[in-house]
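Visitor: Next up is a structure, given as structure tokens.
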Amino acid sequence: MKSKLDAALPSGKIEHVEYADSEIYVVDYTERTQSQRGVEACNAKPEGMDALTLKNEAHLDITTSIFGKQCFMDSQNKELKHCECVLYPTASAGVGDCQKKCIFVGSNMRRNMHNHARR
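Structure representation (structure tokens):
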């Protein structure tokens, strides 16, 4: 996935961060820093910031690919609205890696992500 993103997007517009920790945090610093910092992934819960928390109890290697400014442009060279990052297993994960308690579907996923973001 990482190499496909690098090949498809402009050079220097995407950053990849890899962690295998039990919890991985994604934080958006944009508003608090007047755009001096943006979305960041980290393996320690940031103090005083809401964060999306990915529970990774199996300690899989997870890559977070963070899309930079002007990563996606339209034909008139205007920036398109887009997601800020994507998280995915660095290597293929087998079905045996999936435990029922780690799988969230639909509203359960949104509720879980919302609850973790408030912590």
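So our numbering is basically just the index in the sequence shown, starting at one, shifted up by 3. By construction, the Cβ of each residue, glycine as well, lies at the ideal position given by its N, Cα and C atoms.
1) LEU8 by DSSP, collapsed to three states: which one?
2) Given PRO49, which residues of its chain have a CB within under 7 angstroms of its CB, disregarding the five upstream and five downstream residues?
3) Alpha carbon to alpha carbon, what distance is there between THR56 and HIS119?
4) Enumerated in chain order, which unbroken segments of the beta strand (DSSP E) with a length of 3 residues or greater are wholly contained in the stretch 5 to 44?
5) Under 8 angstroms Cβ to Cβ from ILE69, same chain only, skipping five residues before and after it: list those, please.
6) Identify whether MET76 lies in helix, strand or coil by the three-state DSSP scheme.
7) Can you tell which of LYS7, GLY15 and GLY51 has its C-alpha closest to the C-alpha of ARG35?
8) Roughly how many whole angstroms lie between the Cα atoms of ASN115 and ASN59?
Guide: The short version:
1) If you number the sequence shown from 1, residue 8 lands on position 5. Helix, per DSSP.
2) In the sequence shown, the residue the question calls residue 49 occupies position 46. Within the same chain, PRO49 has close Cβ partners TYR28 and VAL30.
3) Within the sequence shown, residue 119 is the residue found at index 116, counting from 1. Within the sequence shown, residue 56 is the residue found at index 53, counting from 1. For HIS119, the predicted model reports a pLDDT of 43, less than 50, meaning its position is unreliable and no value from the coordinates is stated.
4) 17 to 22 and 26 to 31
5) If you number the sequence shown from 1, residue 69 lands on position 66. So the list reads ILE17, GLU18, HIS19, VAL20, GLY41, VAL42, GLU43, ALA44, GLU87 and CYS88, once near-sequence residues are dropped.
6) If you number the sequence shown from 1, residue 76 lands on position 73. Looking at MET76 - three-state DSSP - the assignment turns out to be strand.
7) Here the question's residue 35 lines up with position 32 in the sequence shown. Among LYS7, GLY15 and GLY51, the Cα nearest to that of ARG35 is on GLY51.
8) Counted from its first residue, the sequence shown places residue 115 at position 112. Counted from its first residue, the sequence shown places residue 59 at position 56. Confidence is the limiting factor: at ASN115 the pLDDT is only 44, short of 50, which leaves the residue's position unreliable and the question unanswerable from this model.
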